[in-house]
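J.: The sequence shown begins at 1328 in my numbering and counts up by one.
All residues carry an ideal CB built from backbone N, CA and C; glycine is no exception.
Since the model is a prediction, treat every value here as computed from it, not as a measurement.
Provided herewith is a single structure, encoded as structure tokens, for subsequent inquiry.
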Amino acid sequence: MNVMEIYRSVQGEGTLMGVPTTFVRFFACNLRCSWCDTKYSWSVREGGTWESIPVQEVVSQVQALGARHVVLTGGEPTLQKELAQLARLLKEQGHHLTVETNTTIFPTAAVPLIDLWSLSPKLSSAGENYLRYPIIESFLEELRSDQQQWKFVIRDDADEQALKGLLTRYPAFAENHLPVILQPEGDSAVPDYSSSLEHLTQRVRDPFWDKYYVRVLPQLHVIIWGRRRWV
């Protein structure tokens, strides 16, 4: 597996924010989002380095760090061919698994093994049309409600309109009370992160959001450590 780093910290995003967690970051991504805050996870020019590590060694390193919760991230972790094998071994050791994905690949073998899929389709400000509707539909159809959270970076009005269109297209978001997490992009035109959060909270005053299980959440690690790595 193409592993960049394995380290222990706390989950900085989503419904498990603040939980002590071991992160396994894989190298390589199939997207090139303009605002990506981990470009080093897919670009050598941005400082990306990785090692090819056998699955069992990844498990051993995770075990040594002790945390029950494990996040498989990247890059794009679903590009790793051994993802299902790794998940199976970690589950055997009693770990709770989260996969953070851009929702462009449906890894059939791994899907039932993961406790929480953190699904983050990319909207207009990512730079290209990265929404893969058939993949989004597969996740909505195959996952239990408690097995999914949907996370969206909102940078501007175009992102908000694109998200509203996506949610309207799929009634399951409202009917199944799926967690919809709105998150600001830390390097946006708004001058500081707290202002970005405030701006986003103003957006969700729109009555459109009343039927959705929507949350405005920050990236906890950005608030604590800024853009430092390994934290």
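If you drop the 5 nearest sequence neighbours on each side, which residues of the same chain put their C-beta closer than 8 Å to that of I1550?
T.: Excluding five sequence positions before and after I1550, the CB atoms of its chain that fall closer than 8 Å to its own CB belong to Y1520, given in chain order.
J.: Please give the ranges of any beta strand (DSSP E) in the segment 1422–1506, keeping only runs that are unbroken, at least 3 residues long and fully inside the region.
T.: 1423–1428, 1443–1446 and 1475–1481
J.: If you follow the beta strand (DSSP E) that S1370 is part of, which residue opens it and which one closes it?
T.: From DSSP, S1370 is part of no beta strand (DSSP E); its letter is neither H nor E.
J.: Does the segment 1413–1421 come close enough to the segment 1356–1375 to have 3 or more Cβ pairs within less than 8 Å?
T.: no
J.: Can you give me the Cβ contacts of V1351 inside the same chain, cut-off strictly under 6 Å, excluding the 5 residues immediately before and after it?
T.: I1333 and L1399
J.: Kindly indicate which three-state DSSP category I1380 falls into: helix, strand or coil?
T.: coil
J.: Should M1344 and L1547 be called a contact, given that it needs their Cβ atoms to be closer than 8 Å?
T.: yes
J.: Would you mind sorting S1523 into buried or exposed? The rule is 16 or more other CB atoms within 10 Å of its CB.
T.: buried
J.: DSSP has P1511 in a bridge; who is on the other side?
T.: I1481
J.: Within the same chain, show all residues whose beta-carbon is closer than 6 Å to that of V1426, passing over the 5 residues directly before and after it, in chain order.
T.: L1399, P1404, I1441 and W1444
J.: According to DSSP, is L1399 helix, strand or coil?
T.: In the structure shown, L1399 sits in a strand (DSSP, three-state: E or B).
J.: Does DSSP put V1337 in a helix, a strand or coil?
T.: Note: V1337 maps to strand in three-state DSSP.
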